[in-house]
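*Asks:* Protein chains in written order, with full-length UniProt numbering: chain A, 1 to 322; chain B, 1 to 449. Ideal Cβ placement from N, Cα and C applies to all residues, glycine included. Please read these numbers as outputs of a predicted model, since none were measured by experiment.
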């Protein structure tokens, strides 16, 4: 009777519970749905972390010769020298390649993606559910790829970089993953560089469907600016792309981005899971029944429509940002 | 084996006394008992079920001839308290299930109780009629009207004894005050007011006034998308009519004083135990949700029940409980499965004995647990038909958590999770307990030597 559910199954089960509660006798049980939403949030965080781990692993596979993909200590990466474990790694001889594989920053601690798993505390790695990416959660002190020890619960996947002589055109660079389209994009100096990324096989490889065009204007995208310091001489630019996740991206109840409408006919479809997860990412969205919303006598039309929008089958619709 | 009631410490042996309900293999959902409550003297025992019915049992007078039968409980009154309703405005069906029954203290010959479903609280008067008037002038014995011109003499009607009839009449209906599902009602010690609590609000009522209630707690956020917790239970202090507590789905308890403000959104005390980070899991939020809160009879302590534990809190210490009892910690590694089959959402209640020395709560497999606060001993007992011989002593049960299973132990994987004991009640002054097991009500008493 031991449980071996992974995050994805947990998410499916939870969504099914919420769905069936809408047809239950006696109306939606607010308490139960709230509790289910917490499980969803927890599972979502694990699921997303696993996806990043997968990306990380694919990065690893693509660069078997020891690109410095390394775990960083929990503190913000130092602007100065690379941690000892990085220094020992060989640099690629071919600068052409270096330029081409220009994901990641040139600091001591290149980072592909920094995912502080905040609201899901590190203890999730000891969750009873099967951990499909054992390499991701590394206990302190254990050796990860390349020998780095990661802070539990934090994933730092270094990009492919190469010391301080990094390619000039992507000198202060963050690479971000769009959860909706799986587009991996590089942000330079705070500005999006889709072109830069499209030339980079390393960026493109792990992300299926990279050939998709940049998001349509007006569509906010979620991305995760890294926390690394800028190199000297590089100014810090404005975050581009419109949508900003200012704080920890996975903390519940943070600012929500606008998502495209999608159909949730196949909630088990993993390509929809990300969207579903995003919808449930912030708090209790979408679980209020229409009836309850209407009965509250909205103060004005705007409130009414927002409530109605949020409540009417909200788990299948877009979430309206504030 | 527990300390008995009273100042002398004794070992208590629990014996089967009675069981009410049918032994049918297929249980009708409507017959599932959803609440159990003794009245203030213990003379009456009320149950409510999912079908909206209330059954009241009354204790027989003790007979000198049969002292070992310390007063059996027999059916006193049965009535339909709530019916299923349909809210046309919201397209919602309202279940008739009785969520809670609370007795009022007896002030005259009649008995009064409050019963509630998800939306409506009702005050019922239960009274006896053992006489009826006879000898009316204008109607005959069958009630047919007489022709006045045929009456030649007048007589005074007299009261004649009749077979005892117990009638229940709804005296008040307190409706339309709750948007969300009512989870608790609690009678105030002033006996003039009571409160009803739903997921987000608590209302204060006067028994005499049904078209108005005062909202005393409102935790509904301005934007429902920001909702993080709901109210799960609420109760008035047994002596201080201005004080009440309510528990939340986040495992916290707030004590409020109605004298400080009309709206008690700011608590006077806030009880919360810091979470143990080593126990964190996907289901941490669910298992920390409090399903029941009860003041001790003394009013000095509160007891809370969450999925795996019962905790006793001292009102003077807010940062942690003074006692924590593990009800069925072996379930901690099964939370995933219990989430899948919805058992993790089961709401167990907890009760104090009359002297506040022993606490009791239910578990699965028709097991229920008692914890002696003084001796720190605990016992697991089972409500089952197999142990239902009159005055049969209940044998303590044990769950084997791994390794070699002894002969009379039961392994965790063999537990029947469909047999859950959510509702129990303890007589206010004696060692008599009522345990609801699905559609059956078991009554156990301590052995009289």
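Under 8 Å Cβ-Cβ, which residues of chain A neighbour residue 286 of chain B?
*Replies:* By Cβ distance, chain A contributes 35, 38 and 39.
*Asks:* On the DSSP letters alone, give me the boundaries of the beta strand (DSSP E) that residue 461 of chain B sits inside.
*Replies:* The structure shown does not extend to residue 461 of chain B, since chain B is modelled only from 1 to 449, so the question has no answer here.
*Asks:* Buried or exposed: residue 303 of chain B, going by 16 or more other Cβ atoms within 10 Å of its Cβ?
*Replies:* Buried is the call here.
*Asks:* Closest Cβ-Cβ distance between residue 475 of chain B and chain A: below 8 Å?
*Replies:* The structure shown does not extend to residue 475 of chain B, since chain B is modelled only from 1 through 449, so no value can be given for it.
*Asks:* Output the distance between the C-alpha atoms of residue 29 of chain A and residue 217 of chain B, rounded to the nearest integer angstrom.
*Replies:* Roughly 20 Å between the two C-alpha positions.
*Asks:* Relative to chain A, which residues along the segment 240-259 of chain B have a C-beta separation below 7 Å, given in chain order?
*Replies:* Going along the segment 240-259 of chain B in chain order, one finds 249 with a Cβ nearer than 7 Å to chain A.
*Asks:* Are three or more beta carbon pairs between the segment 278-286 of chain B and the segment 308-325 of chain B nearer than 8 Å?
*Replies:* Not touching, per the Cβ criterion.
*Asks:* Could you check which residue in B:247, B:180 and B:41 has the C-alpha nearest to that of residue 224 of chain B?
*Replies:* Of the listed residues, the one whose Cα sits closest to residue 224 of chain B is B:180.
*Asks:* Do residue 84 of chain B and residue 122 of chain B have their C-beta atoms within less than 8 Å of each other?
*Replies:* Not in contact: residue 84 of chain B and residue 122 of chain B (Cβ atoms no closer than 8 Å).
*Asks:* Give a yes or no on whether the minimum CB-CB distance between residue 339 of chain B and chain A is below 8 Å.
*Replies:* Cβ-Cβ to chain A under 8 Å: yes for residue 339 of chain B.
*Asks:* Do you know offhand how far residue 432 of chain B's Cα is from residue 124 of chain B's?
*Replies:* The alpha-carbon atoms of residue 432 of chain B and residue 124 of chain B are separated by roughly 25 Å.
*Asks:* Let me check one thing: in DSSP terms, what residues is residue 77 of chain B bridge-paired to?
*Replies:* According to DSSP, which records beta bridges pairwise, residue 77 of chain B is partnered with B:56.
*Asks:* Just to confirm my understanding: we take residue 239 of chain B, look at its own chain, exclude 5 residues before and 5 after, and list those with CB closer than 6 Å. What are they?
*Replies:* Same-chain partners within the cutoff: 189 and 299.
*Asks:* Quick check on this structure: which residue in B:131, B:53, B:11 and B:215 has the alpha carbon closest to the alpha carbon of residue 30 of chain B?
*Replies:* Of B:131, B:53, B:11 and B:215, the residue nearest in Cα terms is B:53.
*Asks:* Given a cut-off of 8 Å on the beta-carbon distance, is the pair residue 192 of chain B and residue 207 of chain B in contact?
*Replies:* It is a contact, given that the beta carbons lie within the stated cut-off.
*Asks:* My parser needs the alpha helix (DSSP H) runs of 4 or more residues fully inside the segment 168-215 of chain B; what are they?
*Replies:* Correct list: empty.
*Asks:* Assuming the contact rule is C-beta atoms closer than 8 Å, residue 392 of chain B and residue 15 of chain B should be a hit. Round their C-beta distance to whole Å, please.
*Replies:* With a Cβ gap of about 6 Å, residue 392 of chain B and residue 15 of chain B count as contacting.
*Asks:* How big is the Cα-Cα spacing for residue 352 of chain B and residue 195 of chain B?
*Replies:* Approximately 21 Å between the Cα atoms of the pair.
*Asks:* Compare the Cα-Cα distances from residue 323 of chain B to each of B:371, B:367, B:402 and B:407 and report the closest residue.
*Replies:* Residue 323 of chain B has its Cα closest to that of B:371, out of B:371, B:367, B:402 and B:407.
*Asks:* Considering only the alpha carbon of each residue, which of B:200, B:249, B:426 and B:416 lies closest to residue 438 of chain B?
*Replies:* Answer by Cα proximity: B:416.
*Asks:* Is DSSP giving residue 84 of chain A helix, strand or coil here?
*Replies:* Because residue 84 of chain A sits at a pLDDT of 37, beneath the cut-off of 50, its placement in the model cannot be relied upon, and the following sentence gives the value as read from the coordinates. Looking at residue 84 of chain A - three-state DSSP - the assignment turns out to be helix.
*Asks:* Just grab the DSSP bridge partners of residue 454 of chain B for me.
*Replies:* Outside the modelled stretch of chain B, which goes from 1 to 449, sits residue 454 of chain B, for which no answer is possible.
*Asks:* Thinking C-beta only, is residue 321 of chain B closer than 8 Å to residue 273 of chain B?
*Replies:* Cβ distance < 8 Å, so residue 273 of chain B and residue 321 of chain B count as in contact.
*Asks:* With DSSP as the reference, label residue 230 of chain B as helix, strand or coil.
*Replies:* Correct three-state label for residue 230 of chain B: coil.
*Asks:* In chain B, which residues lie with their C-beta within 7 Å of the C-beta of residue 44 of chain A?
*Replies:* Correct list: empty, because the minimum Cβ distance to chain B is about 10 Å.
*Asks:* Just checking: is the beta-carbon of residue 35 of chain B within a distance shorter than 8 Å of some beta-carbon in chain A?
*Replies:* Output row for residue 35 of chain B: interface = no.
*Asks:* State the Cα-Cα distance for the pair residue 105 of chain B and residue 38 of chain B, rounded to the nearest angstrom.
*Replies:* Cα to Cα, the separation comes out at about 11 Å.
*Asks:* When the Cα atoms are used, what is the spatial distance from residue 335 of chain B to residue 445 of chain B?
*Replies:* C-alpha separation (whole angstroms): 34 Å.
*Asks:* With DSSP collapsed to three states, give me the class of residue 25 of chain A.
*Replies:* Here residue 25 of chain A sits in coil by DSSP.
*Asks:* Quick one: which chain B residues come within Cβ less than 7 Å of residue 13 of chain A?
*Replies:* Chain B residues near residue 13 of chain A: 340.
*Asks:* At a CB-CB cut-off below 8 Å, which residues of chain C make contact with residue 25 of chain A?
*Replies:* In the structure shown, chain C does not exist; the protein chains are A and B.
*Asks:* Listing by chain order, which chain B residues have their CB less than 9 Å from the CB of residue 19 of chain A?
*Replies:* Within chain B, no residue comes near residue 19 of chain A; the closest Cβ sits about 14 Å away, beyond 9 Å.
*Asks:* From the DSSP output, which residues share a beta bridge with residue 360 of chain B?
*Replies:* In DSSP, residue 360 of chain B forms a bridge with B:351 and B:370.
*Asks:* So the candidates are B:25, B:138, B:40 and B:401; which of them puts its Cα closest to the Cα of residue 187 of chain B?
*Replies:* The candidate whose alpha carbon is nearest that of residue 187 of chain B is B:40.
*Asks:* Is residue 422 of chain B closer than 8 Å to residue 450 of chain B when the C-beta atoms are compared?
*Replies:* For chain B, the structure presents residues 1 to 449; residue 450 of chain B sits outside this window and is missing.
*Asks:* Could you check what DSSP says for residue 129 of chain B in three-state terms: helix, strand or coil?
*Replies:* Residue state, collapsed to three classes: strand.
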